[in-house]
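Position in the sequence shown counted from 1, then plus 14, gives you my numbering.
Glycine included, C-beta positions come from ideal geometry on N, C-alpha and C.
The next block holds one structure in the form of structure tokens; read it before the comments.
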Amino acid sequence: MSFASSHLIPQYLAGLSSATGSFILGTVIGWTAQTEHSIRDGELGFKVSEREIDWLATLFTLGAASVCIPTGFIIDAIGRRFTMLLCVPFLLLGWLLIAFSVNTIMLYIARFVLGMSGGAFCIIAPVYTTEIAQTQIRGILGCFFQMLITMGVLYSYVMGAVCTVFVMTLTCIVLPVISGILFLILPESPFFYVMKDKPEKAKSALQRLRGKNCDIAKDYEEIVTNIAEVKGNPVALWKGMKRTASLKAFALSILLMMFQQFSGINVMMFYATDVFVLAKTGLEPKISTIVLGVVQVVTMFAALFLIDRSGRRILLMISSFVMSLSTLGLGIYFFILDRDSETALSICWFPLFCCCLFIMMFSLGMGAIPWLIMAETFAEDIKGPATAISATTNWLFAFVVTNAYGPVTKVIGTGQTFWVFSGFTLTCTIFVVFFVPETRHKTFAEVQAALEGKQNK
């Protein structure tokens, strides 16, 4: 089937439009990497200490964690599209607080508020894109979430290198306005309309997503059957979680989220410039950071074409294993730098190579696939709350890693800290080999049957 078949184009456009919230999330993630030194030096009109900079990074993750569980219930109550629209005012508020901040407290509040919106999009975007997509392109649309995050991170890296903090922040204020306009014209998820007993609206939304000349009868019946099974067996969340398939899905999701964060990815994203300053690569640290962002975006585009061809498992195995090697190498470099700086400086290109390799592999699998598997493996009756709990744990793990990074490096050393990250990603490789099922080209019903053990992987 052609990548650009006419009936697929509306799905691509809807997926990209919904993922613009992820782009904004990326700008928030990348903001600290390029601005921390300027903020520390008082560019905003007040000085910020090193520890306060750490809190700017970690409060974002706490904000994200705080909103995930409510979002899981909200998307089932008012819909996916309206929940996206609810995030827009919070995004505007967060950026405005940063732009016109007069003290550190305002920055703290802004980062927490932006984190809330970012955490909400971590629920909405994966659920929405997997629900609107036909089976053969579900992986591609699922990757839009991570792809737009990487593009947002790169945007922050570039703007932070060429603009003042104030000007960069002003450009970010425009982004939620654009997203809000796109959300207004998005079709709602047909799954949501069927859940709410609105068949005509469900058919209308599905027709918009498939194209006006496409026969939607089969797709509509699949959605109705899927939802009917849930409605025919109404259960409380805790009872639904006791099913074999639900327990497996929950374990898979939580562990993959843990491995994703304990790979050290947010250390790379939040503290990229600091890492390059410490590594003494010889390049301007902000330029090295931009190189990292470009590598991430380019690799994400490659992942779009591989995700529904190669499958989830093989990409996860390759990405986690090579990420383990790259953080092992980075740890060795810092270990040598602490003991023999002359030898380390003779291979000053090596840390940039390791960081780029790490980011390439993260973008290839570990970035998008845990979120995709989360959205693909939970049954409809528990999907909202279950994905919310999974996303909450992801951000709590991110908080632990980003908050502990500075103190841990002071206790055991930078090199040894990266070896810890290496150990986690190697463990992830082993976990994927033995426990993660393949979901490529499977309907939601087939995925549930596989998790129940009614068919092979």
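Looking at the structure shown, is residue i part of a helix, part of a strand, or coil, going by DSSP?
{"i": "SER32", "result": "helix"}
{"i": "ILE192", "result": "helix"}
{"i": "THR144", "result": "helix"}
{"i": "HIS51", "result": "helix"}
{"i": "ILE279", "result": "helix"}
{"i": "ASN6", "result": "The chain is shown from 15 up to 471; residue 6 falls before or after that span and cannot be answered."}
{"i": "THR97", "result": "helix"}
{"i": "THR441", "result": "helix"}
{"i": "ALA79", "result": "helix"}
{"i": "ARG222", "result": "helix"}
{"i": "PHE435", "result": "helix"}
{"i": "PRO12", "result": "This structure cannot settle anything about residue 12, because the visible part of the chain is limited to 15 through 471."}
{"i": "ALA464", "result": "helix"}
{"i": "THR457", "result": "coil"}
{"i": "GLY59", "result": "coil"}
{"i": "PHE114", "result": "coil"}
{"i": "VAL450", "result": "coil"}
{"i": "SER260", "result": "helix"}
{"i": "LYS210", "result": "coil"}
If you follow the alpha helix (DSSP H) that residue i is part of, which residue opens it and which one closes it?
{"i": "ASN417", "result": "397 to 426"}
{"i": "SER170", "result": "152 to 176"}
{"i": "LEU297", "result": "LEU297 -> no alpha helix (DSSP H), and no H or E assigned at all."}
{"i": "LEU344", "result": "326 to 353"}
{"i": "ILE321", "result": "Careful: ILE321 lies outside any alpha helix (DSSP H) and carries neither H nor E."}
{"i": "LEU366", "result": "364 to 375"}
{"i": "PRO384", "result": "383 to 391"}
Using only alpha-carbon positions, find the residue among the options that is nearest to residue i.
{"i": "ALA317", "options": "LEU39, ALA28, MET161 and LEU30", "result": "MET161"}
{"i": "GLY35", "options": "LEU73, HIS51, LEU106 and ALA71", "result": "LEU106"}
{"i": "PHE114", "options": "LEU58, MET272, TYR142 and ALA242", "result": "LEU58"}
{"i": "ILE444", "options": "TRP385, SER334 and ASN408", "result": "SER334"}
{"i": "ILE279", "options": "GLY40, VAL450 and ARG54", "result": "GLY40"}
{"i": "PRO451", "options": "SER32, SER267 and ALA400", "result": "SER267"}
{"i": "ARG222", "options": "GLN430, VAL422, GLY29 and THR431", "result": "GLY29"}
{"i": "ILE23", "options": "LEU386, ASN408 and ILE154", "result": "ILE154"}
{"i": "ASP229", "options": "LEU465, HIS21, GLU460 and SER355", "result": "HIS21"}
{"i": "ASP411", "options": "LYS232, GLY427, THR75 and GLN48", "result": "Just to set this straight, residue 411 is Phe in the shown sequence, not Asp. Per the Cα distances, THR75."}
{"i": "GLN150", "options": "CYS362, LEU320, GLU50 and VAL422", "result": "LEU320"}
{"i": "ILE237", "options": "MET120, MET255, ILE192 and THR144", "result": "THR144"}
{"i": "ARG326", "options": "PHE104, LEU386 and GLY345", "result": "LEU386"}
{"i": "SER260", "options": "GLN48, PHE60, ALA459 and TYR26", "result": "ALA459"}
{"i": "GLY429", "options": "ILE301, PHE438, TYR347 and LEU270", "result": "TYR347"}
{"i": "PHE367", "options": "VAL336, ALA47 and LEU100", "result": "VAL336"}
{"i": "VAL281", "options": "GLY156, VAL434, PRO103 and THR391", "result": "VAL434"}
{"i": "LYS212", "options": "TYR234, THR118 and THR258", "result": "TYR234"}
{"i": "ALA242", "options": "GLY427, VAL208 and LYS253", "result": "VAL208"}
{"i": "LYS210", "options": "ALA47, ILE92 and ILE38", "result": "ILE92"}
{"i": "ARG323", "options": "GLY129, HIS455, LYS262 and CYS82", "result": "HIS455"}
{"i": "PHE392", "options": "TRP409, LYS424, VAL422 and THR453", "result": "THR453"}
{"i": "ILE163", "options": "THR85, PHE37, PHE276 and ILE383", "result": "PHE37"}
{"i": "TRP363", "options": "MET388, VAL308, LEU297 and ILE383", "result": "LEU297"}
{"i": "SER52", "options": "LEU440, LEU306, GLY174 and ALA389", "result": "GLY174"}
At a threshold of 7 Å, does residue i count as lining the ligand ATP (C-beta to nearest heavy atom)?
{"i": "PHE264", "result": "You won't find the ligand ATP in this model; it holds no ligand whatsoever."}
Contact between the segment 108 to 115 and the segment 411 to 418 is defined here as three or more beta-carbon pairs at a separation below 8 Å; is this criterion met?
no
Using 8 Å as the threshold, is the segment 325 to 344 in touch with the segment 179 to 186, meaning 3 or more CB pairs across them?
no
Is the segment 305 to 314 in contact with the segment 359 to 379, if contact means three or more CB pairs nearer than 8 Å?
yes
Within 8 Å, do at least three Cβ pairs link the segment 380 to 399 to the segment 135 to 143?
yes
Can we say the segment 201 to 208 touches the segment 70 to 87, given the rule of at least three CB pairs closer than 8 Å?
no
Three or more C-beta pairs closer than 8 Å, one from the segment 191 to 199 and one from the segment 346 to 360: is that the case here?
no
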